[in-house]
Amino acid sequence: MTTPVKPLMSKSDEVVRKHKEYLWPAVTNYYAKPLVTDRASMQWVWDLEGKKYLDFFGGILTIQVGHCNPKVTSKIKAQVERLQHTSTLYPNEAIVALAEKVAQITPGALQKSFFSNSGTEANEAALLLARMATGSYDVVALRHAYSGGSQLAKAVTAQAPWRKAGVISVGIAHAINPYCYRCPLGLKYPDCGVACANDVENLIQTGTSGHIAAFIAEPIQGVGGFITPPPEYFKIVFKIVKKYGGLFIADEVQTGFGRTGKKWFGIEQWEVTPDIITCAKGMANGSPVGATVTTTELADSFQGLTISTFGGNPVTSVAARATIEVIEEEKLLENCDVVGRYFRGKLEELQQKYPLIGDVRGMGLMQGLELVKDRQTKEPAAEATVQLMERARENGLLIGKGGLYGNVIRMSPMLNISKADVDEAVRMLDKSLGEVRV
Ligand SMILES: Cc1ncc(COP(=O)(O)O)c(C=O)c1O
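Throughout the sequence shown, residue numbering follows the working numbering, covering 1245 to 1682 in sequence.
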């Protein structure tokens, strides 16, 4: 009898080989040996070899109500079989039903949506509209921001690795960001008087024409490493922005759709009603979507025409509406708040145990750990962050990474996670932290 010969390459190896051969290397994969995903269900993901993982990153804050949630996918399937695409030249029930729902959950008088396919496009549309509506060109953004991959979005983005190859930044000024753990002004909250917010006025006076089109910011900076401002920050900035004629754009691509708990949008946590909200990622639980939502008056000020061929596609619209309905029906804004606080408590316990964890921050089910070599010097522990990612993967937990220095662990499980899931994730995180060699 002959013993079966073990194949030289696993199925995953073969996928990775082809990935290297046919895809742009600039689009990097996580892990030294990339994880080849095969299938997923709610909070779980399986790789091609059948190993199961608890997903605490959700495809970068996109799986809002669970992978392949049947309440969403059943509606997608039905819509695909009924009407997949007609373009925006013809209205359909799905697009208006979504737009109506979005108008119900957005704050203030934000009533009108422009649908596209991504966060990048949503931000492009917002900035274009702001420039048309105000007649001004200058935009104020924040350092450490991430806004997307187009030329304009890269110009708003303020992290060197995402700004290579001649980004054209004309008309965009970057304010210092409210990064309390590494205060750019060397101050300490609350004694600082939130000086970073007041600095926006000086920036407008010195770095712009003095009349701005918009201020654009993420309520909690996502790719930047879940940088969470002090509660007063955006209220102060809002007043300044209005004084200089600008529109306030909240980039809710990561914070949107209940991610921060209790409220639909992150900016509501800071008690500011923006002029424009941009969304993508979690809005449709994994179907490609972008939305730029604003007031009737501002929407009317758009000059000329615009179109997004796939924007508001019936299938995507159905997916987004179903996602919002699951959040409503299952009271997930509440669940996110309760389970998010529980998760935060557990992470703070881990911080007590591991000096590597310099800062714990975020809100709701958007929680980050900033890893440092030394709590005094706060030297970023980028290598340990990579190790922790690898160890967590090995132990069955998927987590994300971010931050300008590559030293922030980002965690964003689906909003319908339970405390038991958190316990399981924290157990794996604890084990993984214990295995990091620093
Ligand atoms: C806050 C924020 N805005 C915009 C974008 C761009 O979105 P997309 O990748 O869908 O174009 C991202 C993506 O990570 C983001 O995090």
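Note that the Cβ used here is the ideal one computed from N, Cα and C, for glycine as well.
Measuring CB to CB, does residue i end up less than 8 Å from residue j?
i       : j       : result
Val1616 : Gly1606 : no
Ala1458 : Leu1372 : no
Val1562 : Lys1319 : yes
Pro1422 : Tyr1477 : yes
Thr1567 : Val1346 : no
Ala1374 : Ser1360 : no
Ile1511 : Val1537 : no
Arg1387 : Ala1402 : yes
Thr1499 : Ser1531 : no
Ala1524 : Ser1362 : yes
Out of the options, point me to the one whose CA is closest to residue i's CA.
i       : options                            : result
Leu1648 : Ala1389, Thr1540, Asp1382          : Ala1389
Glu1496 : Ile1484, Asp1291, Ile1480, Phe1470 : Phe1470
Leu1542 : Ser1318, Thr1306, Gln1355          : Gln1355
Asp1291 : Thr1621, Pro1278, Pro1518          : Pro1278
His1455 : Asn1446, Arg1426, Gln1328          : Asn1446
Gly1534 : Met1672, Leu1673, Thr1553, Ser1662 : Thr1553
Leu1642 : Ile1307, Ala1626, Ser1256          : Ile1307
Glu1293 : Arg1326, Val1259, Ala1374          : Val1259
Val1670 : Thr1522, Lys1262, Thr1332, Gly1640 : Gly1640
Glu1679 : Glu1634, Gly1352, Ser1531, Glu1344 : Glu1634
Leu1576 : Ile1339, Gly1379, Trp1508, Tyr1297 : Trp1508
Leu1396 : Ala1404, Glu1365, Thr1378          : Glu1365
Asp1581 : Ser1357, Gly1303, Thr1504, Pro1405 : Thr1504
Ile1420 : Ile1460, Asn1529, Pro1405, Tyr1381 : Ile1460
Gln1595 : Leu1342, Glu1638, Gln1513, Ile1653 : Ile1653
Val1481 : Ile1661, Val1583, Pro1518, Gly1451 : Pro1518
Ser1656 : Thr1522, Phe1587, Val1682, Ile1349 : Phe1587
Asn1273 : Val1682, Asp1665, Val1630          : Val1630
Val1574 : Ala1524, Thr1540, Ser1662          : One point to set straight first is that residue 1574 is Glu, not Val, in the sequence displayed. With distances taken between Cα atoms, Glu1574 lies closest to Ser1662.
Thr1450 : Gly1415, Cys1424, Gly1437          : Gly1415
Asn1651 : Arg1407, Glu1614, Thr1472          : Glu1614
Ala1564 : Asn1579, Val1604, Gly1526          : Gly1526
Val1190 : Arg1407, Gly1437, Ser1380          : The structure shown does not extend to residue 1190, since the chain spans only 1245 to 1682, so no value can be given for it.
Tyr1275 : Ile1551, Arg1681, Lys1645          : Lys1645
Ala1628 : Arg1637, Glu1668, Met1672, Leu1677 : Leu1677
Gly1352 : Thr1540, Val1604, Gly1548          : Thr1540
Asn1313 : Lys1264, Leu1549, Ala1528          : Ala1528
Lys1675 : Val1583, Ala1404, Leu1632, Lys1506 : Leu1632
Gln1328 : Pro1558, Gly1437, Pro1335          : Pro1558
Gln1547 : Glu1337, Thr1378, Ala1338, Met1286 : Thr1378
Per DSSP, what kind of secondary structure is residue i in: helix, strand or coil?
i       : result
Phe1546 : coil
Arg1588 : helix
Pro1335 : coil
Val1616 : strand
Met1607 : strand
Asp1581 : helix
Pro1434 : coil
Ala1399 : helix
Gln1596 : helix
Arg1503 : coil
Cys1424 : helix
Trp1406 : helix
Lys1319 : helix
Gln1348 : helix
Arg1681 : coil
Ile1661 : coil
Leu1491 : strand
His1311 : strand
If we ignore side chains and look at the alpha-carbon of each, how far apart do residue i and residue j end up?
i       : j       : result
Gly1489 : Lys1479 : 16 Å
Val1693 : Leu1305 : Here the chain comprises residues numbered 1245 to 1682, so residue 1693 is not present and cannot be evaluated.
Phe1301 : Glu1592 : 19 Å
Gly1310 : Lys1321 : 17 Å
Val1516 : Pro1474 : 13 Å
Pro1599 : Arg1619 : 7 Å
Val1384 : Leu1431 : 22 Å
Met1253 : Val1400 : 43 Å
Ala1417 : Ser1453 : 11 Å
Lys1483 : Ser1545 : 23 Å
Gln1465 : Thr1332 : 32 Å
Gly1589 : Thr1330 : 48 Å
Val1340 : Ala1626 : 46 Å
Leu1659 : Gly1502 : 8 Å
Ser1357 : Ala1343 : 6 Å
Leu1609 : Trp1268 : 32 Å
Leu1298 : Met1376 : 45 Å
Gly1612 : Arg1283 : 26 Å
Lys1597 : Glu1623 : 19 Å
Ile1349 : Val1271 : 34 Å
Thr1281 : Thr1550 : 37 Å
Cys1427 : Gly1556 : 41 Å
Closer than 8 Å, CB to CB, is residue i near chain D or not?
i       : result
Pro1278 : Within the model displayed, chain D is absent; a lone protein chain is all it includes.
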